[in-house]
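Note sheet for the following structure.
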Amino acid sequence: MLPITRLRSRPTGRHPYRAASALLLAATLWLWAAAGVAAPVAITFPASVEQGSVVIGRVPPGSQVRVAGHTLRVTGYGTVVFGVGRDAQGAQSIEIVTPDGRQQQASVAITPRDWPIERIDGVPPKTVSPPPKIAARIAREQAAVSAQRQRDDDRVGFAEAFIWPVKGRISGRFGNQRVYNGTPGSAHSGMDIAAATGTPVKAPASGVITFADDLYLTGGTVLLDHGYGISSNFLHLSRIDVAVGQHVDQGEVIGAVGATGRATGPHLHWGMNWFDTRIDPLLVLERTR
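First residue of the sequence shown? That's 283 in my numbering, and the numbers climb one at a time after it.
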């Protein structure tokens, strides 16, 4: 088992221009409130997004919103969030019932992406074609992780400007088809960042730790819930510095880079989900530049 400690670091600061925009918005809302005027909120969603994107939109506060069978939480400001999977096609429809009972619809076009093949050799054979006993263990561990992704907490870390958990070269991209030792595998579920063993891994946004354990395939594994169904997972850690139920701020150290589980060298696998829908962390970073 990996050592579990509680190391903390000071959260990083926000981008000055983003902070200024937030202050301007807050001041505007305060002036509206002081004047007894309701802040106008329209139904706003991006016209299009790429496969693997997080979609953040605005609706009138108090609205009911459904996407892909999910009833979405709506913040007090009318913000909603959902994810678009790697293989999503066409357009994603959004059903909205405003507080006055009006039924509205919105649609977000989904732009397809190319998915290159990544060939990875030198992987331990038991992690590519595991024997029945190990396969059963892997299935149990994956089910335990998936269960934690079903949380729908009202924390709003998902709306922060995400930061890189570690600095390094991108050695594996989200969505690319993987071939391990010549055997086709599933599409890559996250982004790999090459870094030296022991490099501190920082929370890209605030949230609560919902899973922290050493697993067969993914080694040192931590799940961080950002709220509203959005979560991050950090795999192959050499050290875990947090515990389940612990709140972490953006920039706080949660563990260290390693090569545990199915890995051929030290790196951080950073994955993100909207419930069970896998999303691309790199697109989240680009959205918050």
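Yeah, the Cβ is synthetic: ideal placement off N, Cα and C, and Gly gets one too.
So for residue i, helix, strand or coil by DSSP?
i: residue 290; result: Note on residue 290: pLDDT 38, under 50, position unreliable in the model; no value is reported.
i: residue 569; result: helix
i: residue 361; result: strand
i: residue 531; result: coil
i: residue 305; result: Here the model assigns residue 305 a pLDDT of 44, short of 50, so the residue's position is not dependable and the matter cannot be decided.
i: residue 472; result: strand
i: residue 325; result: coil
i: residue 466; result: strand
Which one of the options has the shortest CA to CA distance from residue i?
i: residue 447; options: 526, 334, 530; result: 530
i: residue 456; options: 553, 541, 441; result: 553
i: residue 390; options: 379, 559, 335; result: 335
i: residue 224; options: 434, 485, 327, 357; result: This structure does not reach residue 224, given that the chain is present from 283 up to 571, and the question cannot be answered.
i: residue 490; options: 483, 528, 428, 443; result: 528
i: residue 407; options: 329, 467, 555; result: 467
i: residue 572; options: 410, 493, 471, 369; result: Because the chain in this structure spans residues 283 to 571, residue 572 falls outside the shown range and cannot be described.
i: residue 472; options: 561, 513, 346, 411; result: 561
i: residue 465; options: 419, 519, 400; result: 400
Per the DSSP calculation, residue i is bridged to which residue(s)?
i: residue 502; result: 496, 519
i: residue 555; result: 513, 560
i: residue 388; result: 376
i: residue 369; result: None; residue 369 has no bridge partner.
i: residue 383; result: Paired residues: none, contrary to the question.
i: residue 393; result: 332
i: residue 479; result: Residue 479 is not bridged to any residue.
i: residue 491; result: 506
i: residue 542; result: In DSSP, residue 542 forms no bridge with anything.
Can you tell me where the beta strand (DSSP E) with residue i in it begins and where it stops?
i: residue 546; result: Premise fails: residue 546 is in no beta strand (DSSP E) and is neither H nor E.
i: residue 346; result: 346-349
i: residue 338; result: 336-340
Runs of beta strand (DSSP E) lying entirely within the segment 424-463, each at least 3 residues, in chain order: 451-454, 459-462
Any beta strand (DSSP E) of 3 or more consecutive residues that is wholly inside the segment 395-425: 399-402
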